[in-house]
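Chemist:
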Amino acid sequence: MSISSISSQGLHQNYRQLASGKRINSAADDAAGLAIAQKLLTQSNGYDVGRRNAATSQDMVNVADGGLSTITDSLQRIRELGVQASNTAVYGDSERKMMQQEIDQLKENISDAARNTTFNTMGLLDGTMGSSHVASSPDGSGMDINMPNATLDALGIADFDVTGDFDLSAIDDALNMVSSARGDMGATYNRLDYTMNFNSYASLNTTAARSRIEDLDFPQAISDMKKNSLLEEYRIMMQKKQEEQNNMVVNLLKF
């Protein structure tokens, strides 16, 4: 290939690279580099999606914890009434019936919280969700979140009644179950937080690696363009000079 062809192609490539801001615009520029850059792009996009998935799952965990907090408040009040009803030296059957009326309302509150605590129309505390998968890694893998069952039956207090024989340990067990579930929610939230931070860091570094392969070194590109531009000007100048010499020869032959 002649110097003129090389300079012309090089100048065209310089303009294309400067216009796009990329060193690699097609496989012809650097086939291996393009393949690696595309893999890195896929990976960084996967990290970004995984981070968003983790953030959305954190929102779900927060909603679940809010519902459990409401249930905890109701259980604490039920226990207070249970302790109060245990004091038979002061309270009789009529007072315990009034206490039970409040307990029944509190149990309804617990049922409502378990039934109505939802995220994207999915029940979180009614036992229907169970385990859900969080795709927090670029390959779709990640972690599982186990949602608790906080219904009255699952807590073992559906039949709790202070008007007859009752055992406060049932409420204590329910409180322990809810507290344990809230502890799991807190640990899950923190783990998701770590996952989000890692994904952000990994995406940033993966993007930086792709940039080093794919993006244009502008100072070098401008230097190359000036060099190729000078070569192109020299080519045009030599071409004109050659044409002038050819015309002189033709004129001499006429005589």
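Terminal number for the sequence shown in this note's numbering: 358, no gaps in between.
Note that the Cβ used here is the ideal one computed from N, Cα and C, for glycine as well.
No experiment lies behind these values; they were computed from the predicted model shown.
(1) Pull up the distance between the alpha-carbon of L184 and that of N190, whole angstroms please.
(2) Hey, quick one: how far does the alpha helix (DSSP H) through A253 stretch, first residue to last?
(3) Go ahead and label N156 buried or exposed: buried means 16 or more other beta carbons lie within 10 angstroms of its beta carbon, across all protein chains shown.
(4) Which value, in whole angstroms, describes the spacing of the CA atoms of M163 and F222?
(5) Quick one: what's got a C-beta closer than 8 Å to A158's C-beta in the same chain, skipping five residues either side?
(6) Roughly how many whole angstroms lie between the Cα atoms of D151 and N249?
(7) In angstroms with no decimal places, state the Cα-to-Cα distance between D247 and I274.
(8) State the start and end residues of the unbroken alpha helix (DSSP H) segment that holds A238.
(9) To the nearest angstrom, how far is the alpha carbon of Y297 from that of N148?
(10) For L209 versus V281, is the C-beta distance shorter than 7 Å?
(11) I'd like to confirm the pairing. Which residues does DSSP put opposite G247 in its beta bridges?
(12) Expressed to the nearest angstrom, what Euclidean distance is found between the alpha-carbon atoms of S235 and N165?
(13) Is it buried or exposed for M201, if we count other Cβ within 10 angstroms and need 16 for buried?
(14) Give me the Cα-Cα distance between M104 and R313, rounded to the nearest whole angstrom.
(15) Taking C-beta to C-beta, are T266 and Q203 nearer than 7 Å?
(16) Taking Q146 as the reference, give the member of A253, E211, S239 with the closest Cα.
(17) Determine the direct distance from the alpha carbon of M225 to that of R180, and round the result to whole angstroms.
(18) Count the other C-beta atoms from every protein chain shown that fall within 10 angstroms of the C-beta of N308, then say buried if there are 16 or more, exposed otherwise.
(19) Using 8 Å for Cβ pairs, my map puts R182 next to L258. What's the rounded Cβ distance?
(20) Under three-state DSSP, which class holds T220?
(21) Of all the options S306, D176, G153, which has the alpha carbon lying nearest to the alpha carbon of I213?
(22) Could you say which of G230, D242, D268 lies nearest to P251 if we only look at CA atoms?
(23) Could you say which of F301, Q345, K344, A311 lies nearest to A140 if we only look at CA atoms?
(24) Taking 6 Å as the limit between beta carbons, can you name the residues of its chain near I260, skipping five residues before and five after?
Modeler: In short, the structure shows the following:
(1) 10 Å
(2) Element bounds for A253: n/a, residue is neither H nor E.
(3) buried
(4) 6 Å
(5) L295, M299
(6) 24 Å
(7) 29 Å
(8) Here A238 belongs to no alpha helix (DSSP H); instead the beta strand (DSSP E) covers 234-238.
(9) 18 Å
(10) no
(11) For the record, residue 247 in the displayed sequence is Asp; it is not Gly. H236, per the DSSP bridge assignment.
(12) 15 Å
(13) exposed
(14) The pLDDT assigned to M104 is 45, lower than 50, so where the model puts this residue is not dependable; a value taken from the coordinates is nonetheless given after this. Distance between the alpha carbons of M104 and R313 is about 32 Å.
(15) yes
(16) S239
(17) 28 Å
(18) exposed
(19) Actually they are not in contact, since the Cβ atoms of R182 and L258 sit about 12 Å apart, beyond 8 Å.
(20) coil
(21) D176
(22) G230
(23) A311
(24) A273, A277
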